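A quick write-up on the structure given underneath.
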Amino acid sequence: MTMERYRLGFDIGGTFTDFVLVDTAESRLHLHKCLTTPADPSVGALQGMETLLAGLAIPLSDVGHIVHGTTLVTNAIIERRGCRIGFLTTKGFRDSLEMGTEQRYDIHDLFLQFPEPLVARRHIREIEERIAFDGTIQSPLDEDGVRDAAAGLIAGGAEAIAVSFLHAYRNPEHERRAQEIIQETHPDIPVSLSSDVDPALKEYERGSTTTANAYVQPLMSRYVETLDSALRENGFTGRFHLMQSSGGLTAPETATAFPVRFLESGPAGGAQATAYVGGMIGHEDILSFDMGGTTAKACLIQDGRPDIAAMLEAGRVHRFKRGSGLPVRAPVIDMIEIGAGGGSIARADSLGLLKIGPDSAGADPGPACYGRGGILATVTDASVALGYLDPDNFVGGEAKLDKAAALQSLESTAQSLGLDVVRAAEGIHRVVNTHMAEGMRLATVRRGVDPRQFALLGFGGAAGLHVTELARLLSLSRVIVPHMASVLSAWGMLSTELRFQTIRSHVGGTDALDVAEIRDVYGAMAQSGETRMRQWFDGEVRTYRSADMRYGEQIFEIEVPLDGVDLGGPDALQALKAAFEEKHEALYTYSLKEQFPVLINARVATTGVLPLPPEEKRAVATAPAAPAGERDVYLGRWMPAPLYHFAALVPGQVIAGPAIVESETTTVLLRPEDEATVSDQGWLDIRAPRKSDV
1 MTMERYRLGF
11 DIGGTFTDFV
21 LVDTAESRLH
31 LHKCLTTPAD
41 PSVGALQGME
51 TLLAGLAIPL
61 SDVGHIVHGT
71 TLVTNAIIER
81 RGCRIGFLTT
91 KGFRDSLEMG
101 TEQRYDIHDL
111 FLQFPEPLVA
121 RRHIREIEER
131 IAFDGTIQSP
141 LDEDGVRDAA
151 AGLIAGGAEA
161 IAVSFLHAYR
171 NPEHERRAQE
181 IIQETHPDIP
191 VSLSSDVDPA
201 LKEYERGSTT
211 TANAYVQPLM
221 SRYVETLDSA
231 LRENGFTGRF
241 HLMQSSGGLT
251 APETATAFPV
261 RFLESGPAGG
271 AQATAYVGGM
281 IGHEDILSFD
291 MGGTTAKACL
301 IQDGRPDIAA
311 MLEAGRVHRF
321 KRGSGLPVRA
331 PVIDMIEIGA
341 GGGSIARADS
351 LGLLKIGPDS
361 AGADPGPACY
371 GRGGILATVT
381 DASVALGYLD
391 PDNFVGGEAK
401 LDKAAALQSL
411 ESTAQSLGLD
421 VVRAAEGIHR
431 VVNTHMAEGM
441 RLATVRRGVD
451 PRQFALLGFG
461 GAAGLHVTEL
471 ARLLSLSRVI
481 VPHMASVLSA
491 WGMLSTELRF
501 QTIRSHVGGT
511 DALDVAEIRD
521 VYGAMAQSGE
531 TRMRQWFDGE
541 VRTYRSADMR
551 YGEQIFEIEV
561 PLDGVDLGGP
571 DALQALKAAF
581 EEKHEALYTY
591 SLKEQFPVLI
601 NARVATTGVL
611 PLPPEEKRAV
621 ATAPAAPAGE
631 RDVYLGRWMP
641 APLYHFAALV
651 PGQVIAGPAI
661 VESETTTVLL
671 RPEDEATVSD
681 QGWLDIRAPR
691 KSDV
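Counted from 1, the sequence shown has number 68 at position 68 by the working numbering; the numbering is strictly sequential.
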């Protein structure tokens with residue numbers, strides 16, 4: 001694998017599309033942002049890419065590697081704009097998607113709502129067939145039934161078919177044959193098999209994941225093919241990869257086959273970047289805080305690695321209530337949505353209380369200050385009113401903010417609250433910051449983690465205006481804001497690896513498992529993963545093993561790393577048990593030595609090692625940068641704040657708050673008592689006083 005001089009990462013968000021171009025020869029980063037085009041996100045992405053490269057006089061043909069993250073799959077499921085699908089299931093299981101787990105996610109809500117399945121009941125067909133839990137065939141597949149069911153569904157408008165037969169994770173023979181039958185007469189119809197998408201126990205979760213995959217497969221296929229073709233037509237000849245929810249990159253072929261692996265594609269780049277930054281600054285326990293135009297998310301990085309969850313929920317009925325969404329089993333970096341974004345709308349409710357979000361002005365029309373037709377007050381409008389943002393220097397001066405429109409949008413909210421416009425804007429910031437801090441606190445404490453031991457990394461277009469206040473509320477003393485903070489997710493996509501993960505259910509207690517069989521299962525999975533990786537990567541490949549395990553009476557599993565377990569040794573089962581106990585004690589402070597845990601799923605991650613972005617070379621200045629100006633900001637009262645430019649800062653320079661540090665894409669607000677030291681990378685390493693010290 002040759003080293004490319006230019007590597008480009010771009011992340012399409014709900015409001016902005018972010019770009020980072022890395023020049024490996026000069027060790028330089030070039031950043032760019034443009035508004036997302038919601039009707040067709042690829043249009044804005046291609047235009048923004050052209051603008052960035054044209055400004056540097058770099059032809060697209062000179063870019064050797066492009067990586068991309070997108071919220072396309074998430075938005076399609078939330079907004080219910082995927083394709084019409086048909087669903088084939090074993091006779092007697094037609095209602096499994098509507099029945100779900102029959103568990104109430106809120107026992108106190110008398111009017112509980114559950115999300116509608118992605119496939120209507122009238123588009124579900126039962127097929128005569130039966131495979132037992134051990135993989136033996138009890139009833140043969142009714143091939144004519146498959147043929148007739150598929151023909152009827154497709155005639156009724158189905159654009160994709162999902163197939164989830166009972167115990168297909170153990171024996172996929174019937175699903176494979178059903179796919180062959182469908183494609184004999186309808187070769188252009190994509191077919192998602194549960195034995196490919198989610199070959200694991202639990203019928204409802206497996207069916208839900210498979211239908212979600214089919215629901216977005218035509219959309220994702222068209223999007224990826226259109227984007228790839230457009231890049232090639234414009235001269236790109238290098239490698240094109242997409243960011244998965246698990247934090248690894250993969251080829252376009254995987255994206256079109258398994259689109260559910262891209263539900264948190266963009267935000268995963270930010271989590272990977274946080275882990276990379278933690279290693280660079282020598283602080284591997286770090287909290288990420290990503291606040292963009294639509295939402296704010298947090299992620300916990302411990303010992304230099306983000307937690308990977310085996311499942312996520314899509315299309316929640318209640319945004320912050322776990323269990324109110326559709327379960328999708330796909331590896332995903334465990335991120336927590338903690339609040340609103342810069343474009344979130346602020347209003348007074350019927351009780352006269354200030355509420356922010358969850359609805360957002362997005363990119364079109366956007367906040368009122370964008371001057372694109374928005375009239376409702378947003379967090380960004382409040383930032384303009386408080387003096388935190390420079391109306392003449394937004395997105396590098398490419399866009400102007402309309403301060404008069406921002407103030408006008410805030411008037412109705414202020415009147416409803418009985419406040420003047422400035423105090424209403426201050427209230428918006430206080431409410432947003434308090435909600436986000438509480439979300440972070442709950443997310444960490446529920447995991448048994450004391451957040452006060454962590455550093456806080458702020459990134460995303462809006463994070464710099466809120467991050468030090470969050471640190472105060474959480475009693476954190478160290479805050480990091482990189483100069484590329486507003487495009488950090490795109491940068492993080494260039495600091496990760498290629499990854500393909502497989503799972504296979506293989507249930508058995510560690511006192512009775514056949515070690516040779518387990519060894520063969522892992523060996524076959526590793527071989528399959530490496531074969532797939534070698535189809536589109538010729539560099540160094542690594543393999544990591546883990547297992548989903550639990551005690552017999554538990555209803556949930558934990559993932560246990562097995563890379564240190566010798567499955568070929570005489571004490572393999574005891575080593576497997578010990579690995580589980582170590583992980584269980586780390587999570588819950590105890591283990592049951594007298595009990596033998598149960599292995600549920602085997603997991604293998606195959607990775608391809610990519611070069612990391614080089615550390616930027618910064619010009620050495622002879623003296624600290626002087627303020628470039630001054631702006632009045634409201635922090636309890638109006639006060640002058642010196643203005644600094646990120647690019648002019650000198651390593652070791654100290655800036656005391658109140659102050660503002662701006663770049664073309666980032667604005668950082670330093671509050672009174674904050675003290676920022678410029679790191680060797682040109683980043684802000686901020687010491688914020690703990691709440692008890694203020």
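We treat Cβ as the ideally placed atom computed from N, Cα and C, and that holds for glycine.
No experiment lies behind these values; they were computed from the predicted model shown.
Residue i, DSSP secondary structure in three states
i	result
residue 650	coil
residue 1	Because residue 1 sits at a pLDDT of 46, beneath the cut-off of 50, its placement in the model cannot be relied upon, and the point is left open.
residue 237	coil
residue 580	helix
residue 217	helix
residue 184	helix
residue 131	strand
residue 93	coil
residue 8	strand
residue 400	coil
residue 409	helix
residue 252	helix
residue 393	coil
residue 167	coil
residue 301	strand
residue 56	helix
residue 528	helix
residue 638	strand
residue 324	coil
residue 199	coil
Span separating the alpha-carbon of residue i from that of residue j
i	j	result
residue 1	residue 537	Reliability of the predicted coordinates at residue 1 is poor, the pLDDT of 46 falling under 50, and no value is obtained from them.
residue 16	residue 367	13 Å
residue 129	residue 149	14 Å
residue 359	residue 345	6 Å
residue 274	residue 457	7 Å
residue 694	residue 281	Low local confidence applies: a pLDDT of 45 at residue 694 is under 50, so the model's placement there is unreliable, with the coordinate-based value given in what follows. Each residue's Cα considered, the two are about 26 Å apart.
residue 578	residue 491	38 Å
residue 172	residue 194	9 Å
residue 200	residue 210	11 Å
residue 105	residue 317	11 Å
residue 670	residue 660	6 Å
residue 469	residue 175	54 Å
residue 666	residue 127	56 Å
residue 10	residue 169	36 Å
residue 221	residue 37	19 Å
residue 35	residue 528	41 Å
residue 462	residue 434	15 Å
Residue i vs residue j beta-carbon contact at 9 Å
i	j	result
residue 601	residue 547	yes
residue 299	residue 287	yes
residue 413	residue 497	no
residue 178	residue 165	yes
residue 257	residue 349	no
residue 688	residue 656	no
residue 73	residue 219	yes
residue 452	residue 476	yes
residue 224	residue 255	yes
residue 613	residue 495	yes
residue 648	residue 625	yes
residue 85	residue 132	no
residue 246	residue 615	no
residue 264	residue 333	yes
Residues near residue i in its chain [Cβ-Cβ closer than 6 Å; skip 5 each side]
i	result
residue 638	632
residue 297	267, 290, 335 and 337
Contact belief for residue i with residue j at Cβ below 8 Å, rounded distance in angstroms
i	j	result
residue 713	residue 343	Not covered by the structure: residue 713. The range shown for the chain is 1 to 694.
residue 409	residue 390	So it is not a contact: roughly 18 Å between Cβ atoms.
residue 42	residue 230	7 Å
residue 402	residue 371	4 Å
residue 208	residue 97	6 Å
residue 308	residue 331	6 Å
9 Å Cβ cutoff, residue i in contact with chain D
i	result
residue 214	Reference to chain D is not applicable here, since this structure consists of a single protein chain.
Beta-carbon proximity list for residue i, same chain, < 8 Å, skipping 5 on both sides
i	result
residue 752	Nothing about residue 752 can be read from this structure; the chain reaches only from 1 to 694.
residue 303	284 and 285
Distance cut-off 8 Å: residue i Cβ against heavy atoms of the ligand SAM
i	result
residue 164	The model on display carries no ligand, and the ligand SAM is accordingly not part of it.
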